[in-house]
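Please read the structure below before turning to the comments.
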DNA sequence: TATGAATGAGTGTTCATTCAT
DNA sequence: CATGAATGAACACTCATTCAT
């Protein structure tokens, strides 16, 4: 039974659960594990981690939220850290927008996608917790990078590379720095506690694409 | 007795401790409160918070690290949250570089200053913990913004405004987006797990100042 | 959540434990809660409260005395106050003597019953602690009144009312004052530190009855 | 400086402080101890003990209430137990009413005096705490008996003996039981949680006296 | 003499984890 | 397979008492 709505959106997909610490015995003897239970646990863990942070998230709360008992969780995951990483590994963000060939519009679309993730309740807290736990549970940060950060950066980089190859950009443009500036602007703005204007992605893209200096 | 080296750098200055919940009585009666103990507690708290995060940081560990007993801490700080905020408030980053009038050099200097803060051991974990604790202990994030984030943003903005006023920048430049892109690039790069090239600030400043697009 | 239990039960040593803050799930799934442990905890709590008083009674000591761990206690009782009230609620004094119709003998029998309670080791200390805690933990006193004081008063009053109805006592006899004088004599004697003579109840009953009986 | 009104009434007298654990050095060298401070400490201790009970009363709170520092207290009293007993020893209740020769009126007057003590805020809590602490700090109960209980019992007994000697009472009346019934009625009524009628002492005296008086 | 600072030993409570059914 | 019961280790915080000024 679901106790609360899951953190993930409806168009979220769950990836294959091949990261479990305690795989079910091969052969199909006995009652098979419920896939719905598997998913409920991972959803609950993800939600708790986002809302309360890894350190504060409690197995008890996850069990209650997923509507299962604690041993049911431990049967699937070796411990708190493994549960958290499994939840993160299973988490799939919304599909990134497909590039259209219009560089500016594509960049804005990707930043809009990022914004939805960051503005989701506790989205920044989730980023915070993986950073805060780096020393204690480094897998969280690596997984976060692999699952959430890297795809977005790749998408941005793809758009920029295409633009460069088509001659839209300067040959010597540092695309790495550009990608960092584009996505980082969100983090910086949030950390500064400043409100996001309605059409926030546009000015950022404009700055990065066009620069601040007066044209010759 | 100091158990560990302090987190703060040698050129760090400690700000006035006016956030204490139980201020020492004015006048000089009785045994004076040891200033070395005051500092040791705040240093230890800051270090524990950076290394383990606010949720995991324990008063016991802070007491041990500072070489004092727990009641000595509670004499000065009303609770864990107050101790953490006091440590944050007392933490003074290195002085920001003074602007020279050379826009590009000034921006690079400020970003270099930021980089030293972020690359300090557990620097990003500190940012992570204030973000992760936003729901539970919002004072941490607001204090962090006030003490660390805002001054840097103001410095960056000052340099950019001067440049705009002197005609160096386009009149319509969105300085807010530019500041976010400049400092955010660090966060994004760290979160991506990518190494920082030797002269990292330069490409970022170049992108923001000059833009990616080919000039007309 | 229930703070007090209903007024059920007449003869069983331990009343039904429906005052628990975290009741066991109905149905028989999972490991059943040990009834021996339930009882051991309540007994230990009652003993500690009588011996050391509510304020001094520690969960640690109760756990040790009951031979269980502290979380085992917290599984059953929401906190120290709830544990103490549960112990008090579960405590059942010896059954009161049944009235025989002989007024004087019945009163003496009830006072003898009271005396056994008061002379039990720490019996008066138990009364003391519920009085001392009135400001801090008023449930203790109300439960004590409900479970221990009220039944005895009712029994005494019943005997006196029967005697009055049968014409043995004066019509205008103040039964309330008489009941108070009868049971209060014990408290006063104890508080005075005076030894209880062998047949103590008899003189008290004689003093009080003499005042109530119809004059010749 | 007095922080709060003292528990004791204005017509309360303080007895000689010859129970101090640490008497001042003989000879009058150095600054003499302030008698006002002595009294403030004892008043504060008495009030705290009545309000919170011996176990919960804290030296810190007493110091604050008395407007002194903790070492000032420890200079005069060897520890918490000694402070509490000193406070109790120094406590003098209102003077008992002088007997007039009218037995019934004298008894009522003494019970009225008792009632004022019992109904004083925390009066019963004070009785409770000395009972609760009997195992831990038996001096409290002995002192309470000596200072508060015994004088009242003696007064009651005096009135009754005079009445017996003057032929008002039966020769064989058990005065001990009668005294216990008279004062105990208060304790019992309070413990039962029943309200005290306006003229409460009268019915109690009537019940007890009726039993003692020679029949017509 | 008096102060404020400092402390060792606890307090009630919670949590990740394992056990018994 | 799944449950509820049980636990060792920790947690933030407090108190009676002593120290240094």
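Protein chains in written order, with the working numbering: chain A, 476 to 691; chain B, 476 to 691; chain C, 476 to 691; chain D, 476 to 691. Cβ coordinates follow ideal geometry from the N, Cα and C atoms, glycine included.
Original post:
For residue 566 of chain C, which three-state DSSP category applies?
Top reply: Secondary structure of residue 566 of chain C (DSSP, three-state): strand.
Original post:
Can a CB atom of chain D be found closer than 9 Å to the CB of residue 588 of chain C?
Top reply: No, no contact with chain D.
**OP:** Report yes or no: is there a C-beta of chain A within less than 9 Å of the C-beta of residue 617 of chain B?
**Re:** Interface flag for residue 617 of chain B against chain A is set, since a Cβ pair is found closer than 9 Å.
Original post:
Can a CB atom of chain A be found closer than 9 Å to the CB of residue 533 of chain B?
Top reply: No, residue 533 of chain B does not count as interfacial toward chain A.
Subject >> Proximity of residue 612 of chain D and residue 556 of chain D at Cβ, strictly below 9 Å >> reply: Going by C-beta atoms, residue 612 of chain D is nearer than 9 Å to residue 556 of chain D.
Subject >> Spatially closest choice to residue 575 of chain C from C:542, C:539, C:554 and C:633, by CA coordinates >> reply: In terms of Cα proximity to residue 575 of chain C, the closest of C:542, C:539, C:554 and C:633 is C:633.
Original post:
Rounded to the nearest angstrom, how far is the Cβ of residue 606 of chain D from that of residue 657 of chain D, given a contact under 8 Å?
Top reply: Contact between residue 606 of chain D and residue 657 of chain D is absent: CB atoms are separated by about 20 Å, not below the 8 Å threshold.
**OP:** Mark residue 636 of chain D as exposed unless 16 or more other C-beta atoms lie within 10 angstroms of its C-beta, in which case mark it buried.
**Re:** Exposed: under 16 other Cβ atoms inside 10 Å.
Original post:
Is the Cβ of residue 578 of chain D closer than 9 Å to any Cβ of chain C?
Top reply: Between residue 578 of chain D and chain C, the shortest Cβ-Cβ separation is not below 9 Å.
Subject >> Limits of the alpha helix (DSSP H) - the one that residue 603 of chain D falls within >> reply: It spans 598 to 607 - the alpha helix (DSSP H) in which residue 603 of chain D sits, taken as one unbroken run.
**OP:** Starting from residue 575 of chain B, follow the alpha helix (DSSP H) in both directions and report where the run begins and ends.
**Re:** Note, residue 575 of chain B: premise wrong, no alpha helix (DSSP H); not H, not E.
Subject >> Straight-line gap, residue 579 of chain C to residue 685 of chain C (C-alpha atoms, nearest Å) >> reply: A straight line joining the alpha-carbon of residue 579 of chain C with that of residue 685 of chain C spans about 10 Å.
Subject >> Contact between the region 512 to 520 of chain B and the region 528 to 537 of chain B (3+ Cβ pairs under 8 Å) >> reply: Output reads yes: the region 528 to 537 of chain B touches the region 512 to 520 of chain B.
Original post:
Is there contact here, the region 617 to 628 of chain D with the region 554 to 570 of chain D, by at least three beta-carbon pairs under 8 Å?
Top reply: Flag = yes, the region 617 to 628 of chain D and the region 554 to 570 of chain D touch.
Subject >> Short CB-CB distance (under 9 Å) between residue 594 of chain C and chain D >> reply: It does not; no Cβ of chain D falls within 9 Å.
Original post:
Is it the case that the Cβ atoms of residue 693 of chain B and residue 651 of chain A are separated by a distance below 9 Å?
Top reply: In the structure displayed, chain B extends from 476 to 691; residue 693 of chain B sits before or after that span and is not available.
Subject >> Contact under 9 Å by Cβ, residue 541 of chain B with residue 516 of chain B >> reply: The criterion of a C-beta distance shorter than 9 Å is satisfied by residue 541 of chain B and residue 516 of chain B.
Original post:
residue 537 of chain C CB to nearest chain D CB: under 9 Å?
Top reply: With 9 Å as the cut-off, residue 537 of chain C does not count as an interface residue toward chain D.
**OP:** Starting from residue 546 of chain A, follow the alpha helix (DSSP H) in both directions and report where the run begins and ends.
**Re:** For residue 546 of chain A, the uninterrupted alpha helix (DSSP H) segment begins and ends at 545 to 551.
Subject >> Other residues of its chain near residue 672 of chain C: CB distance less than 7 Å, five sequence neighbours each side excluded >> reply: Answer for residue 672 of chain C: no residue qualifies.
Original post:
Of all the options B:514, B:667, B:630 and B:674, which has the alpha carbon lying nearest to the alpha carbon of residue 653 of chain B?
Top reply: It is B:630.
Subject >> Residues of the region 539 to 563 of chain B whose Cβ lies closer than 9 Å to any Cβ of chain A, in chain order >> reply: So the list is empty, because no residue satisfies the distance condition.
Original post:
Is residue 666 of chain B close to chain A, meaning its C-beta is less than 9 Å from at least one C-beta of that chain?
Top reply: Chain A, which has a Cβ nearer than 9 Å to the Cβ of residue 666 of chain B, makes this yes.
Original post:
Do you know offhand how far residue 615 of chain D's Cα is from residue 526 of chain B's?
Top reply: Looking at the two C-alpha atoms, the distance is approximately 52 Å.
**OP:** Return yes when the Cβ of residue 655 of chain D is within less than 9 Å of the Cβ of residue 679 of chain C, no when it is not.
**Re:** Yes, they are a contact pair.
Original post:
Is residue 671 of chain D helix, strand or coil when you go by DSSP?
Top reply: DSSP places residue 671 of chain D in coil when its eight states are reduced to three.
Original post:
What first and last residue would you give for the alpha helix (DSSP H) that runs through residue 527 of chain B?
Top reply: Note, residue 527 of chain B: alpha helix (DSSP H), 510 to 527.
**OP:** Compare the beta carbon distance of residue 584 of chain A and residue 596 of chain A with 9 Å and say whether it is the shorter of the two.
**Re:** Contact: no.
Original post:
If we ignore side chains and look at the alpha-carbon of each, how far apart do residue 543 of chain A and residue 510 of chain C end up?
Top reply: Spanning the two alpha carbons is a distance of roughly 25 Å.
Original post:
From residue 581 of chain A to residue 640 of chain B, what distance separates their C-alpha atoms?
Top reply: Taking the straight line from one Cα to the other gives about 33 Å.
**OP:** At 8 Å on the CB atoms, spell out the chain A contacts of residue 609 of chain B, in chain order.
**Re:** The CB of residue 609 of chain B comes closer than 8 Å to the CB of 599, 600 and 603 in chain A, given here in chain order.
Subject >> Whole-Å CB distance - residue 554 of chain D paired with residue 662 of chain C, under 8 Å assumed >> reply: Contact doesn't hold; Cβ gap of about 30 Å is too wide.
Original post:
Quick one: is residue 676 of chain C buried, meaning 16 or more other Cβ sit within 10 Å of its Cβ, or exposed?
Top reply: So residue 676 of chain C ends up on the buried side.
Original post:
Does any CB atom of chain A fall closer than 9 Å to the CB of residue 625 of chain B?
Top reply: With 9 Å as the cut-off, residue 625 of chain B counts as an interface residue toward chain A.
**OP:** Name the residue from C:665, C:648 and C:681 whose alpha carbon lies nearest to the alpha carbon of residue 681 of chain D.
**Re:** Answer by Cα proximity: C:648.
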